[in-house]
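What follows is a short report on a single structure.
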Amino acid sequence: MEAVGVVCGAVALLAPGIFWAWHFLERMKSQVQAGLLGRGSRALLVIAHPDDEAMFFAPTLLGLARLRHPVFLLCFSAGNYYNQGEIRKKELLQSCDVLGIPPTNVMIIDSRDFPDDPGVQWDTEHVASVLLQHIEVNDINLVRDTLPVTPFLWPPSPPPHPPAHLQGHSKRGNPPRSLSNLLMTTHLLGD
606 MEAVGVVCGA VALLAPGIFW AWHFLERMKS QVQAGLLGRG SRALLVIAHP DDEAMFFAPT
666 LLGLARLRHP VFLLCFSAGN YYNQGEIRKK ELLQSCDVLG IPPTNVMIID SRDFPDDPGV
726 QWDTEHVASV LLQHIEVNDI NLVRDTLPVT PFLWPPSPPP HPPAHLQGHS KRGNPPRSLS
786 NLLMTTHLLG D
């Protein structure tokens, strides 16, 4: 009986992610059919730590692979919260292989700047800087992230106001911009 409870709990936790991935894939298919993505779109999935790609984005990644879009993956931590970073890096590369992402298209950042620790908030501007560099180096034109900062799609459709958790002041006294606004400003306007 306890096993049934565990299975039900797991289904309850995974269902929203699976639904979102399905919804995203369906929306993306309609964009492709409408010609909005075009041929040769280079997609980047940005995740906080290993296993997000499989738990939340497997259908999307498989769909992009099926549509022959080159897919890149940027992982901001090795997932070392329980001192299993090396194991989780290998698992991420194996998972990406199954999902159609070659190892040359996978970047795992293993830096003290981005620890796998729920008690540490990453510097949004530093995340955006690393992300922009990765986008430019790999000529990316479609981005999806799962970072604990703010989700966005590239090209962005920024909200009229930044999310409540991003309102406040940065070290320089200016309100921080959401990643989508930062990317749009930097990439499109040459900030």
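Going by the numbering used here, the sequence shown opens with residue 606, and the numbers climb by one from there.
Beta carbons are placed, not taken as given, at the ideal position from N, Cα and C, and that holds for glycine.
C-alpha distance - H731 paired with V703, whole-angstrom precision | Working through the sequence shown from its first residue, we reach residue 731 at position 126. Working through the sequence shown from its first residue, we reach residue 703 at position 98. Whole-angstrom Cα-Cα distance: 31 Å.
CA nearest to the CA of D656, picked from V735, H674, S716 and C680 = Sequence index remark: in the sequence shown, residue 656 carries index 51 (1-based). When each option's Cα is compared against that of D656, the closest is C680.
State the start and end residues of the unbroken alpha helix (DSSP H) segment that holds A663.
-> Looking up residue 663 in the sequence shown gives position 58. D657 to R671 is the span of the alpha helix (DSSP H), which, as asked, contains A663.
Looking at I706 and A663, is the spacing between their C-beta atoms short of 9 Å?
-> As a working mapping, residue 663 is identified with position 58 in the sequence shown. As a working mapping, residue 706 is identified with position 101 in the sequence shown. The answer is no: Cβ separation not under 9 Å.
DSSP bridge partner residues for I652 (one or two, in chain order) = Here residue 652 refers to the residue found at position 47 when the sequence shown is read from its first residue. DSSP lists C680 as partners of I652.
Run the CB neighbour count on D722, radius 10 Å, all protein chains shown included, and call it buried at 16 or more, exposed below.
-> Walking along the sequence shown from the start, residue 722 turns up at place 117. Classification of D722: exposed, given that the 10 Å Cβ count is below 16.
Euclidean distance between Cα positions of R647 and R693 = Working through the sequence shown from its first residue, we reach residue 647 at position 42. Working through the sequence shown from its first residue, we reach residue 693 at position 88. Answer to the nearest angstrom: the Cα atoms are 25 Å apart.
Taking buried to mean at least 16 other C-beta atoms within 10 Å of its own C-beta, is L684 buried or exposed?
-> For the purposes of this step, residue 684 is identified with residue 79 of the sequence shown, where counting begins at 1. Reading off the sequence shown, one finds Gly at residue 684, where the question assumed Leu. Burial call: buried.
State the Cα-Cα distance for the pair E607 and V725, rounded to the nearest angstrom.
-> Within the sequence shown, residue 607 is the residue found at index 2, counting from 1. Within the sequence shown, residue 725 is the residue found at index 120, counting from 1. One Cα belongs to E607, the other to V725, and the distance between them is close to 34 Å.
Residue nearest to Q738 in terms of C-alpha spacing, selected from R717, M712 and P708 | In the sequence shown, residue 738 corresponds to position 133, counting from 1. Residue M712 is the option with its Cα nearest to Q738.
Just to confirm, are E658 and L697 a CB contact at a threshold of 9 Å?
-> As a first step, residue 658 is located in the sequence shown; it is residue number 53 there, counting from the start. As a first step, residue 697 is located in the sequence shown; it is residue number 92 there, counting from the start. Yes, these two residues count as a Cβ contact at 9 Å.
Near I745, what residues of its chain come up, given a Cβ to Cβ distance below 6 Å and the 5 sequence neighbours on each side ignored?
-> Residue 745 sits at position 140 when you count from the first residue of the sequence shown. Excluding positions up to five away in sequence, the list reads R647 and L649.
Which value, in whole angstroms, describes the spacing of the CA atoms of G668 and P708?
-> The residue given as residue 668 occupies position 63 in the sequence shown. The residue given as residue 708 occupies position 103 in the sequence shown. Rounded to the nearest angstrom, the two C-alpha atoms are 18 Å apart.
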